[in-house]
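Here the structure is laid out as structure tokens; the discussion comes afterwards.
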Amino acid sequence: MPRIVRPTAYGTPEVLTVTEVPVPRAAAGTVVVEVRAAGVNPIDWKLYSGTFHAVRENLKDAAGLAATMPSLGLECAGVVTEVGPDVHGVRVGDEVVVYPVTAAYADYVTAPATSILPKPAGLGWAEAGSLMLCGTTAAHALHAAGVDAGDTLLVHGGSGGVGLMGVQLAAARGATVIATASPRNHALLSELGATPVAHGPGLADRVGAAAPQGIDAALDFAGTDEALDVSLELVADRDRIASITGPDRRTEAGIKLLGYGPGQDPGHEVRHAARADLLALAASGTLRVVVDTVFPLTEAAKAHTTGLAGHAPGKLVLIP
Ligand SMILES: NC(=O)c1ccc[n+]([C@@H]2O[C@H](COP(=O)([O-])OP(=O)(O)OC[C@H]3O[C@@H](n4cnc5c(N)ncnc54)[C@H](OP(=O)(O)O)[C@@H]3O)[C@@H](O)[C@H]2O)c1
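Residue numbers (the working numbering): 136 to 455.
Written as structure tokens, this is what we have:
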């Protein structure tokens with residue numbers, strides 16, 4: 136029987152459970168994909184950790200939370216096994232990248248046909264399955280901050296999943312990129328075309344030394360008070376500061392807030408349009424998808440524990 140990994144309660148990764156389910160069927164406008172690789176992202180553990188919802192243990196049953204636990208896995212790559220009515224241009228056996236989707240922590244997933252793109256032949260399964268969420272987020276941030284050739288850009292969290300994408304996409308556009316990361320990740324950022332600086336006290340001075348010409352725009356993928364304060368200090372135009380995560384006081388700072396929370400710009404069209412470009416760049420080798428560790432599907436809890444601990448740079452990926 137096909138397997139799916141789901142949280143059975145709110146809590147830490149131990150709540151993730153592998154259960155057997157029937158192979159899903161393709162309804163109109165959808166396809167069924169046999170998953171070969173599913174990307175792991177921080178939102179996956181945030182969905183069941185209580186980050187988005189205050190959960191009081193003693194109210195779980197009364198609130199019916201067990202019945203509404205989130206599905207995990209917002210991106211994957213795999214092989215089409217069934218095509219529903221009203222779907223054109225997709226055939227059984229096609230190797231595809233699937234984004235956005237829900238419940239990709241599984242052997243099979245059903246996806247809207249609009250979420251299906253052809254997987255470039257030269258791109259590995261792990262890379263194809265973990266490229267899209269971070270890649271489209273980074274592309275949206277570059278768009279929102281108007282980053283282009285000739286700009287000097289500061290990227291906070293440059294060694295994270297989103298950061299590695301943002302650094303490479305900005306460098307490919309001809310921007311000069313200064314990226315913050317722990318020293319152990321500096322060599323990788325240099326390889327990808329950025330000047331690395333360590334985050335922590337004195338950050339503004341280090342960025343100033345690395346970019347005496349000044350900073351035109353900043354992307355905050357780290358979400359710390361420090362990243363917000365340094366961005367506000369160094370970038371004159373607040374329309375050129377974009378943030379995907381961070382403290383509540385960001386809302387009063389007059390910067391671009393990107394994402395799915397209240398008052399944030401989800402950038403659906405920009406992110407949707409970015410998918411084909413990301414695949415072309417990855418296929419040509421211009422964009423490197425850095426994969427840190429591949430886990431079997433049954434070790435999803437271990438993958439989340441690794442992610443929560445602050446893993447090495449690059450993506451964590453589940454392979455059914
Ligand atoms: N709004 C959206 O649409 C959206 C989309 C995707 C992700 N997100 C959110 O954005 C955040 C980043 O996602 P991700 O996938 O890139 O996560 P990730 O791969 O876990 O990377 C996080 C990075 O943060 C860096 N970091 C840790 N402590 C730091 C500090 N004190 N100062 C500066 N950087 C620090 C780490 O770099 P070092 O190890 O080098 O220190 C790490 O590489 C998450 O909170 C995620 O939920 C939002």
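The C-beta atom is built at its ideal place from N, Cα and C for all residues, glycine as well. This one's a predicted model, so the numbers in the text were calculated from it and none came from an experiment.
### Task
Out of Ser378, Val170, Ala415, His334, state which residue places its alpha-carbon closest to the alpha-carbon of Ala246.
The shortest CA-to-CA distance from Ala246 to any of Ser378, Val170, Ala415, His334 is the one to Val170.
### Task
Take Ala314 and list the residues in its own chain whose beta-carbon comes closer than 6 angstroms to its own, dropping the five residues that flank it on each side.
Val290, Gly293, Val302, Leu324, Ala329, Pro331
### Query
Thinking just about the alpha-carbon of each residue, which of Ala346, Thr440, Gly208, Glu387 is nearest to the one in Thr287?
Ala346
### Query
Within this structure, are the beta carbons of Ala241 and Ile139 separated by less than 8 angstroms?
yes
### Query
Since Phe430 sits in a beta bridge, which residues does DSSP pair it with?
Leu453
### Message
Just verifying my parser: in three-state terms, what is the DSSP assignment at His407?
### Response
helix
### Extent of the continuous alpha helix (DSSP H) run through Pro177
177-184
### Query
For the stretch 215-223 against the stretch 172-180, are there 3 or more C-beta pairs whose distance is under 8 angstroms?
The stretch 215-223 makes no contact with the stretch 172-180: fewer than 3 CB pairs, one atom from each, lie closer than 8 angstroms.
### Query
What three-state label does DSSP hand Glu230 in the structure shown?
strand
### Message
Which of the three DSSP states is assigned to Arg191 in this structure?
### Response
Note that Arg191 scores 46 on pLDDT, short of 50, meaning its location in the model is unreliable; the coordinates nonetheless yield the value given after this. Three-state DSSP puts Arg191 in coil, outside helix and strand.
#### Entry: Rounded separation between Ala239 and Arg375 - CA only
34 angstroms
### Message
Measuring straight from C-alpha to C-alpha, what distance separates Gly208 and Leu252?
### Response
Cα to Cα, the separation comes out at about 17 angstroms.
### 8 angstroms CB neighbourhood of Ala274 in its chain, flanking five on each side removed
Met300, Leu304, Val405, Arg406, Ala409, Asp412, Leu413
### Task
Report the three-state DSSP secondary structure of Ser366 (helix, strand or coil).
helix
#### Entry: Leu393 and Ser378 closer than 8 angstroms at C-beta
yes
### Message
Quick check: Ala102 and Ala280, are their CB atoms within less than 8 angstroms of each other?
### Response
Look at the range of the chain in this structure, 136 to 455, and you will see that residue 102 is not part of it.
### Message
Is Leu393 near ligand 1 - that is, is its Cβ less than 7 angstroms away from at least one heavy atom of it?
### Response
yes
### Query
Closer than 7 angstroms: is that where the CB of Ser317 sits relative to any heavy atom of ligand 1?
yes
### Query
To which residues does DSSP link Glu155 through a beta bridge?
Arg138
### Task
State buried or exposed for Glu210, treating a residue as buried only when at least 16 other CB atoms are found within 10 Å of its CB.
buried
#### Entry: Contacting residues, own chain, Cβ-Cβ under 6 angstroms from Gly358 (five flanking each side not counted)
For Gly358, where only same-chain residues beyond five positions count, the Cβ hits under 6 angstroms are Thr380, Gly381.
### Task
Please work out which residues of its chain come closer than 6 angstroms, Cβ to Cβ, to Leu182, disregarding the five sequence neighbours upstream and downstream, and give them in chain order.
Around Leu182: Pro205.
### Query
Excluding the five sequence neighbours on either side, which residues of its own chain have a C-beta within less than 6 angstroms of the C-beta of Arg373, listed in chain order?
Cβ neighbours of Arg373 beyond the five flanking positions: Gly389, Ile390.
### Assumed close pair Val231, Ala248 - CB separation to whole angstroms, cut-off 8 angstroms
In fact, because the Cβ distance is near 10 angstroms, the residues do not count as touching under 8 angstroms.
### Query
I think Leu369 touches Ala339, with their Cβ atoms under 8 angstroms apart; what is that distance to the nearest whole Å?
For Leu369 against Ala339, the beta-carbon gap comes to about 6 angstroms, under 8 angstroms, which counts as contact.
### Query
If we ignore side chains and look at the alpha-carbon of each, how far apart do Val365 and Gly295 end up?
19 angstroms
### Task
Report back the beta-carbon spacing between Val233 and Thr272 to the nearest angstrom; my notes put them in contact at under 8 angstroms.
The pair is not a contact, with the Cβ atoms about 17 angstroms apart (cut-off 8 angstroms).
#### Entry: Sheet register partners of Thr359 (DSSP bridge)
Paired residues: none, contrary to the question.
### Query
For Tyr243, which beta-bridge partners are listed by DSSP?
Glu169
### Query
Using DSSP with H/G/I as helix, E/B as strand and the rest coil, what is His275?
helix
### Query
Going by alpha carbons, who is nearest to Val425 out of Ala284, Ala256, Ala344, Asn320?
Asn320
#### Entry: Contacts around Thr386, its chain only, beta-carbon distance under 8 angstroms, and the 5 residues preceding and following it disregarded
Leu392, Gly398
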